[in-house]
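Please read the structure below before turning to the comments.
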Amino acid sequence: MLVRSAPPEILETLFSRLSGTGKVYGPVRQGKAVRFLPLSSISDAELSYQRTVLPPKKFFLPPGETLLTFAGRGEWRVPDEEDERIVLFGLHPCDLHGIEILTVFMSDAVPDSPFLRRREKAFIVGLSCLPDDKCFCRSMGCQTSEKGFDIFITLLGDRVLLRAGSPEGYRLLRMLDGEAREPSREDRERLLNFHRLRNESFTLSLDITDLPEVLDLEEESQVWEELGNRCFTCGNCSIVCPTCSCFNVVDIPSFASGETKRVRTWDSCLFRSYALVAGGHNFREKRAQRVKNRYYHKQKGFVEGFGKPSCVGCGRCISSCPAGIDVVSVFKRLTEAYAK
Ligand code: SF4
Ligand code: SF4
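When we follow our numbering, the leftmost residue of the sequence shown carries the number 15, and every step to the right adds one.
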């Protein structure tokens, strides 16, 4: 795999090449929040951000989209494909893992074609970061990423390392050869120092080694009732989560046009309506059951199905919970209860 070292000005050249291939989105600061928004120049991008409000899943699984339109008499049509290529610039390793987890979700016998089509059209540029007090990606093995990007950028002060992660990323890096060179010994030392600094900067951690077993034993724990009493079931934690992909599908008829649109929107297993079925029965009537369900899905169900948790340790659910519920503290409490 190709790695190149260059001065930070290379990012302007990279941006101008990328903007010739599609619309570029990247992290933009808006007050206290950072959001993935269209970039018109590299100077619009906030390169030292911690986390965006919404993860990049919004580009592949939009909050709302029309899947089909029924025109009557058995006729139906799918929306025209979006032709535009998108470039996602500045995704942190945890978000790269988040996209990979969603791809696993969509790659069974009946793949989700809108998701896959968008993913295939996206060029992804990863970006190095340092953790804050809500990041625990290292505990989830997501502080670095070996795939899911075309180019990965590591910021090393007055040098930048660019690493290709796909044939297209490789070709693009080759085009920058006039401005970039092979990493020197000094570049390698800087990279090692950066890794050391990043690893030493984590203040939050979670030992997930025996978590599925702990969860098996703590199904009746008082912790769930307590969380149910605190949780507003607002759904923030799942909406901002890079790996949560629950959605609802509704048919919306229009008497004016005679057509019916089948629309998919984000949903949350925290919502009361989520497990409500015809006849009025609710499989997760109580708030405690809904909170518990989300935690079990992340650290037990997904592990059983796919061999890893569906949490990348991004800290978004911690920073966005109005009730101050913190996923790491919850699992630590359960583990402590198990050890007693
Ligand atoms: S963000 Fe907090 S209060 Fe809202 S549903 Fe999630 S755990 Fe409950
Ligand atoms: S559960 Fe929380 S920390 Fe884990 S990936 Fe989702 S939002 Fe991030």
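Even for Gly, the Cβ is constructed at its ideal location relative to N, Cα and C.
Mind checking whether residue i and residue j have CB atoms under 8 Å apart?
{"i": "Y39", "j": "F50", "result": "yes"}
{"i": "P70", "j": "D172", "result": "no"}
{"i": "D312", "j": "C325", "result": "According to the sequence displayed, residue 312 carries Lys and not Asp. The answer is yes: Cβ separation under 8 Å."}
{"i": "F137", "j": "V174", "result": "no"}
{"i": "R178", "j": "L16", "result": "The amino acid at residue 178 is misidentified as Arg; the sequence shows Ala. Against a cut-off of 8 Å, the Cβ pair of L16 and A178 comes out as a contact."}
{"i": "C151", "j": "V254", "result": "no"}
{"i": "T257", "j": "L116", "result": "yes"}
{"i": "K37", "j": "E98", "result": "yes"}
{"i": "V139", "j": "D164", "result": "yes"}
{"i": "S259", "j": "S282", "result": "no"}
{"i": "E176", "j": "A194", "result": "Here the sequence assigns Leu to residue 176, which means Glu is not the residue at that position. Yes, the pair counts as a contact, with Cβ atoms nearer than the cut-off."}
{"i": "H106", "j": "L141", "result": "yes"}
Can you give the Cα-Cα distance for residue i and residue j, rounded to whole angstroms?
{"i": "F320", "j": "E134", "result": "22 Å"}
{"i": "V48", "j": "L68", "result": "9 Å"}
{"i": "L225", "j": "D201", "result": "39 Å"}
{"i": "P323", "j": "F297", "result": "24 Å"}
{"i": "P197", "j": "P76", "result": "39 Å"}
{"i": "A351", "j": "W238", "result": "12 Å"}
{"i": "V92", "j": "G78", "result": "15 Å"}
{"i": "F208", "j": "V344", "result": "31 Å"}
{"i": "S333", "j": "N250", "result": "10 Å"}
{"i": "D191", "j": "R18", "result": "8 Å"}
{"i": "T14", "j": "D230", "result": "With the chain covering only 15 through 354, there is no way to say anything about residue 14."}
{"i": "T158", "j": "G294", "result": "46 Å"}
{"i": "I113", "j": "G162", "result": "8 Å"}
{"i": "A59", "j": "C143", "result": "14 Å"}
{"i": "S180", "j": "M189", "result": "14 Å"}
{"i": "L130", "j": "T247", "result": "30 Å"}
{"i": "E318", "j": "K46", "result": "38 Å"}
{"i": "L110", "j": "V305", "result": "26 Å"}
{"i": "Q236", "j": "G104", "result": "41 Å"}
{"i": "R199", "j": "T168", "result": "16 Å"}
Relative to the C-alpha of residue i, which residue among the options is closest?
{"i": "L170", "options": "A20, K346, F345 and E350", "result": "A20"}
{"i": "A4", "options": "A85, L110, N250 and V237", "result": "Nothing about residue 4 can be reported from this structure: the residues present for the chain run from 15 to 354 only."}
{"i": "E232", "options": "I100, L16, P77 and N307", "result": "N307"}
{"i": "P128", "options": "L81, V139 and F150", "result": "L81"}
{"i": "V42", "options": "R278, T66 and G36", "result": "T66"}
{"i": "E240", "options": "E160, G338 and Y288", "result": "G338"}
{"i": "D146", "options": "L218, R210, L110 and I167", "result": "L218"}
{"i": "I56", "options": "R18, K37 and S30", "result": "S30"}
{"i": "E234", "options": "I115, D340 and Y310", "result": "Y310"}
{"i": "G242", "options": "L284, P256 and A59", "result": "L284"}
{"i": "G315", "options": "S153, V228, S54 and K148", "result": "V228"}
{"i": "V90", "options": "G140, K300, R276 and A289", "result": "With the sequence shown as reference, residue 90 is identified as Trp, and Val is not the correct amino acid for it. When each option's Cα is compared against that of W90, the closest is R276."}
{"i": "D221", "options": "F74, P52, V342 and S54", "result": "V342"}
{"i": "Q303", "options": "R347, R286, V317 and V139", "result": "R286"}
{"i": "F74", "options": "S282, L176 and M120", "result": "M120"}
{"i": "R87", "options": "E193, C335, E273 and R204", "result": "E273"}
{"i": "C108", "options": "G155, D126 and P267", "result": "G155"}
At which residues does the beta strand (DSSP E) containing residue i begin and terminate?
{"i": "G140", "result": "A136 to L141"}
{"i": "E79", "result": "G78 to G86"}
{"i": "G104", "result": "I100 to L105"}
{"i": "K72", "result": "First-last for K72: K71 to F74, but that is the alpha helix (DSSP H), not the beta strand (DSSP E)."}
{"i": "R278", "result": "T274 to W280"}
{"i": "L176", "result": "R173 to A178"}
{"i": "R195", "result": "Unbroken run through R195: none, as it is neither H nor E."}
{"i": "V228", "result": "Careful: V228 lies outside any beta strand (DSSP E), inside the alpha helix (DSSP H) at L225 to L231."}
{"i": "R18", "result": "V17 to A20"}
Please report the residue range of the alpha helix (DSSP H) in which residue i lies.
{"i": "N213", "result": "R199 to E214"}
{"i": "V264", "result": "Note, V264: premise wrong, no alpha helix (DSSP H); beta strand (DSSP E) at F261 to P267."}
{"i": "E95", "result": "Per DSSP, E95 belongs to no alpha helix (DSSP H) and is neither H nor E."}
Shorter than 7 Å, the distance from the beta carbon of residue i to the closest heavy atom of ligand 3, or not?
{"i": "V139", "result": "By its list of ligands, the structure shown excludes ligand 3, since it contains just ligand 1 and ligand 2."}
DSSP three-state label for residue i, please.
{"i": "T35", "result": "coil"}
{"i": "V237", "result": "helix"}
{"i": "F50", "result": "strand"}
{"i": "V305", "result": "helix"}
{"i": "R298", "result": "coil"}
{"i": "G242", "result": "helix"}
{"i": "R66", "result": "The sequence shown places Thr at residue 66, rather than the Arg named in the question. Coil, per DSSP."}
{"i": "G45", "result": "coil"}
{"i": "I165", "result": "strand"}
{"i": "E89", "result": "strand"}
{"i": "T257", "result": "coil"}
{"i": "G319", "result": "helix"}
{"i": "G329", "result": "coil"}
{"i": "G40", "result": "strand"}
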